[in-house]
Each structure stands twice: as C-alpha cells, then as structure tokens.
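In my numbering, the protein residues as written are 273 to 772.
What follows is a set of notes on a single structure, which appears directly below.
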Amino acid sequence: MITQKKAVIIGSGIGGIATAVFLAKKGYKVEIFEKNKTPGGRCSQLIKDGHRFDLGATILLMPSIYRKVFSELGVDLDKELEAKSLDPIYRLFFSSGPDFDFTRNEKKMKAQLESVEPGSFQKYKKYINEGYEFFNLSMNQFLNRNYYNLFQFINLKSLKLLIKLKTWITHMSYIRRFFKDDHLQMAFTFQNIYVGQNPYNSPAFFSMLPGAEITEGALFPKGGMHRLVEKLIELATDNGVQFHYSKTVTKIITNGNKTQGIILKDGSKIESDIVVANADLPHIYKDLLNDKKVTNRLKNKNYSCSAIVFHWGLDKVYPQLEHHSVFLNDPYKKGLSSIFKDKSLSENPSFYIHAPVRSDLSAAPQNHDTLSVIVPVAHLDENYKQNWTKLKQTARNAVIKRLEKTGINNIEDHIKFEVCYMPKIWEKNYNVANGSVFGSLGHTIFQMGYFRPHNRHRRIKNLYFAGGSTHPGNGVPLVLLSAKLTTDRILKETMNVNNN
Numbered sequence: 273m274i275t276q277k278k279a280v281i282i283g284s285g286i287g288g289i290a291t292a293v294f295l296a297k298k299g300y301k302v303e304i305f306e307k308n309k310t311p312g313g314r315c316s317q318l319i320k321d322g323h324r325f326d327l328g329a330t331i332l333l334m335p336s337i338y339r340k341v342f343s344e345l346g347v348d349l350d351k352e353l354e355a356k357s358l359d360p361i362y363r364l365f366f367s368s369g370p371d372f373d374f375t376r377n378e379k380k381m382k383a384q385l386e387s388v389e390p391g392s393f394q395k396y397k398k399y400i401n402e403g404y405e406f407f408n409l410s411m412n413q414f415l416n417r418n419y420y421n422l423f424q425f426i427n428l429k430s431l432k433l434l435i436k437l438k439t440w441i442t443h444m445s446y447i448r449r450f451f452k453d454d455h456l457q458m459a460f461t462f463q464n465i466y467v468g469q470n471p472y473n474s475p476a477f478f479s480m481l482p483g484a485e486i487t488e489g490a491l492f493p494k495g496g497m498h499r500l501v502e503k504l505i506e507l508a509t510d511n512g513v514q515f516h517y518s519k520t521v522t523k524i525i526t527n528g529n530k531t532q533g534i535i536l537k538d539g540s541k542i543e544s545d546i547v548v549a550n551a552d553l554p555h556i557y558k559d560l561l562n563d564k565k566v567t568n569r570l571k572n573k574n575y576s577c578s579a580i581v582f583h584w585g586l587d588k589v590y591p592q593l594e595h596h597s598v599f600l601n602d603p604y605k606k607g608l609s610s611i612f613k614d615k616s617l618s619e620n621p622s623f624y625i626h627a628p629v630r631s632d633l634s635a636a637p638q639n640h641d642t643l644s645v646i647v648p649v650a651h652l653d654e655n656y657k658q659n660w661t662k663l664k665q666t667a668r669n670a671v672i673k674r675l676e677k678t679g680i681n682n683i684e685d686h687i688k689f690e691v692c693y694m695p696k697i698w699e700k701n702y703n704v705a706n707g708s709v710f711g712s713l714g715h716t717i718f719q720m721g722y723f724r725p726h727n728r729h730r731r732i733k734n735l736y737f738a739g740g741s742t743h744p745g746n747g748v749p750l751v752l753l754s755a756k757l758t759t760d761r762i763l764k765e766t767m768n769v770n771n772n
C-alpha cells in the first residue's frame, strides 16, 4: 500500500494556495498554515461599511499568464471569472498640459500622441511591439523555467538573450529613443513601480510592462482582485486542501539535510514529507530557520520600494477619476530619487488612485465611492532617519492639494472613514522585509534568473519556496508562475528520489 505524502505550506498568499492546488492534484495531502485570520496575503481585501478595497494588486495584468496557470489547474479563467477589460487602462494626469488616456484604442492613442509629439505614433507602435517581444522572450526563455545549475544561465545562449533583452541599458535611456517629450517618457516608464523599481536604474526590458498592457489588455474581476484568491481556495477545498487560520509558524524543524515539519506558536508540531514556505524569504531565514549567514546576505540585497496607502470610503462619487488614475508630478526624476536614493518621499510625490466603482458598482454603497490612494515611498531602512508620521502627512497633504488642482475640491468633507497602510504595517501584517510591499527583493539583473533566490533550499532538500521573493519574481503573474515552477521542481526531485 502506497502511503499518501504530506505537504505543509506556510502562508496562504496566492503563491501558497496555487502550489497547494497543484500538489493536491498530484496526490499530496496538503495543509496550509496562515498567521492571519483571512487568506490572500498581500492580495487580501478590506470590507468596511459596504466599501470594498483590494489591499494589494488592483489590476489583472498579463492575462495570458493567468490563463495559462489557471488552465493547468483545470480552470477556464474567462468562463469562471467575470472580468471587465479596462479601457482606458488608466488616465494619466501631469503637473501641466493635457491628461492622457493609456488606451488600446489605436485611433484615440494616435490622436493623443500626435498632438503632443508629431510623428510619435509610429515610434509608439515600435516601442510596444519591442516591449511585447521582450515579454515573450522573457517568459519563454528566461523566467518561466527552473534553474538547477549555474551553467544553465551562464552560457552563450543566455548571453545572447540578455543582449536581446537590452539588459545593458536603463528603461529611461531606452525610452528616449522613441519619445522626446518628457510626459510621454513618463507615461511609458512609470509602470516600473508595479514591481517597486526606479526606471532610471532598471533594465530596458521592463518596457515589457507597457508592451503587455497594450497588447494583451488589462482586466478587473467583478468582486475585485481578491476573487482570484477565492477561486483558488475553492479549487483547493475541492481537492482536499485543509486551511488553518490564525496559526503562526515559529520554526521549521530541520534534521541534517531534511525538514521534518513545522512548529506553531502554541507549541504544536506538524510533521510532513515536504515543507513549502510561501512567506517572504528574509523572514523564513531569520525567524523560522535562524540562519544568520543567509539572513545577513539577504540584508545586502536590493529591495523594492514600499507604499503609503489611504483607503477612503466617500459619500460622493468623483467622475473625474477613471478606474485607475495616475498622477505623475514634476520633477519626475527627483521624485523617484527621493524614494530610491534618499529613502524618503518628495514634497510633490506621484501617486495613483484605484476607483473600482467605475467598473464594479458592488465596491461601494449606491452613489458612494471607494478610493484607494497609493503613494510609492521608500522602504524601511534603519540606516536613514525616517519620520513616518511626517511622511504620512506629507503624502496626504500632497494628494489633497493635487486633487484640488484637478477640480476635485472639498474631498476631505466627503471622507466617511480612512484606513491607512504604512510600511511598518506591511512588515507586521505580512512579514514582508522592510515593508517592501511591491515584492520584497527587487528585480535587478543580478537578482533575476539563476541569481534570484532559488525555489528550494540549497542544503535542506525537501524545503521549497514559492512567492515573490524567490524565482521568477514579484507581482501576481510571476507569483502564479512561481507556484507552477516550484511544483514542477518538487515533482521532479521527489520522483528522482522514489526511483533511486
């Protein structure tokens, strides 16, 4: 009689739940242990007085990845998820000059571009085509694969690929080949913030972000992005996965080169054949493995920025705002430098607003509005004097002032309640290192591919990782890929063990 193998998963983020479904479908008995009362990790939601807020991602980008992963889980995403295609994907507001709709409508896009910079439409088409080519190359040859040794990455083929992907030039330097106008350069580079990056320092191949947006579109599920979590939980439950909430894991039990399970805060010991940690890697090594050497090494890594987020329940709807409204303020470079270099926030920061009622009336009571104001800010850094009370007030004042300039007056009189998430809250609630909510470890070229932390422990052979801080990277689409890649590795390695 064959004994059913058991997998314990630490954390119920999207990566953890998706991994659980994959493993359960392959015959594993799977249990998930979550420190919080509710699932989803940074893709959780907040519901207050009839207002619904997505706490993490607010838009479904790169839908081809979602469709692929969910298809492998046995789900037709387009049939199971009632999602609306956003157009415009967002509206851009600049410090001066006309607004700009980031739209897939070629006729409208052409009119906008040509009015700002004559001759720019053809260059735009080339930029988008090249960006989407970078996306396909990255997915097919770079990100959507496991690396088992250095020579799978350091070889002539990979070198040619890195050259093709223009990893040797920054995104801002690259965009200047296509647009001379400062506002157009801003419009097609700010997307780096999705993964917590500075376009002045990140590689040009991240032009794949706007490239994928325009080519594939962007979706918003009815019920918010948390619907993805709910769908995964439904799949997990149907496949026998057990969820344990308010169960904090305090230690991963190790014996030589194997883990035997986990220990919970109440002292309970949970044994398993494999452990998959969906928590942030720095937290795993520091708090669950007590590995000082790797902890110190991870401290020196490059981390993504964080965000101050104001969730507002309003008793009034402001039609000036689209589903996503992005406010890009001058000086652009200085604002980014304040975040990434000075580890602070400028007096005139850029920010974006998520207004889900524009696509889903169920996000707020009738004739009321639900707004999430996301202000990118530095992550927590003990080497800098960071007065977070002051930074919060700076962010809030700047948002109110900027909205008034757009014609959104007296908004404070219509805020029924405010819930604010700060970097320290991200760190406390989700164990994310430095409060780097956009994905913890950054996406530098030396923190990607083989050089990004691997999805299995180097020494402990049955301890695996899934999530944004491991390969292939952060952002919900890559986290879903992480679940698939980690599962592939588990199945390959356990099969090899069984055959030996």
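Ideal Cβ positions, reconstructed from N, Cα and C, are used throughout, including at glycine.
The three-state reading of DSSP puts L332 in strand, counting E and B together. Secondary structure note for P744: it is in no alpha helix (DSSP H), with a DSSP letter that is neither H nor E. The C-beta of F451 has 16 or more other C-beta atoms within 10 Å across all chains shown, which makes the residue buried. Of the residues P725, V547 and Y656, the one whose Cα lies closest to the Cα of L553 is P725. The Cβ-Cβ distance between N562 and G285 does not fall below 8 Å.
Counting only the Cα atoms, I717 lies some 43 Å from V589. Using a Cβ-Cβ distance cut-off of 8 Å, the stretch 389–403 and the stretch 727–734 are not in contact, since fewer than three pairs of beta carbons, one from each stretch, lie closer than that value. Scanning K301, N659 and L586 for the CA closest to the CA of I683 turns up L586.
Within the same chain, and ignoring the five residues on either side of S712 in sequence, the residues whose Cβ sits closer than 8 Å to its Cβ are D552, L553, P554, Y575, S576, V704, A705, N706, G740, S741 and N746.
Following the DSSP letters along the chain, one finds A490 in no beta strand (DSSP E), marked with neither H nor E. Residue environment: F689 is assigned as exposed (fewer than 16 neighbouring CB atoms within 10 Å of its CB, all protein chains considered).
In the displayed model, P695 falls within a helix according to three-state DSSP.
Note that the stretch 469–479 does not touch the stretch 323–337; fewer than 3 beta-carbon pairs, one per stretch, sit closer than 8 Å. When secondary structure is reduced to three states using DSSP, F325 falls in the strand class.
Judged by beta-carbon spacing, I319 lies beyond the 8 Å limit of I304, meaning their Cβ atoms are not closer than that value. DSSP places G285 in the strand class (E or B) of the three-state scheme.
Less than 8 Å divides the Cβ of L617 from the Cβ of V649. Nearest C-alpha to Y702 among V671, K278 and G312: G312.
Linking K613 to M720 through their CA atoms gives a straight-line distance of about 21 Å.
The stretch 340–357 and the stretch 491–499 touch, with no fewer than 3 CB-CB distances between them shorter than 8 Å. For K530, the three-state secondary structure derived from DSSP is strand.
A residue is called buried when at least 16 other Cβ atoms come within 10 angstroms of its Cβ; R761 meets this threshold and is buried. Note: S712 is not bridge-paired with any residue in the DSSP secondary-structure output.
Partner residues in the beta bridge of L643, as assigned by DSSP, are W584.
With distances taken between CA atoms, E619 lies nearest to K664 out of K664, H626 and H651. In the DSSP annotation of this structure, the continuous segment of the alpha helix (DSSP H) that includes I447 starts and ends at H443 to I447. Here the C-alpha atom of P628 lies approximately 7 Å from the C-alpha atom of L643. As the crow flies, the alpha-carbon of I525 is around 10 Å from that of V547. Counting C-beta pairs closer than 8 Å gives three or more between the stretch 624–639 and the stretch 591–608, which meets the contact rule. Within the stretch 333–369, the complete beta strand (DSSP E) segments of 3 residues or longer fall at 355–357 and 362–366, listed in chain order.
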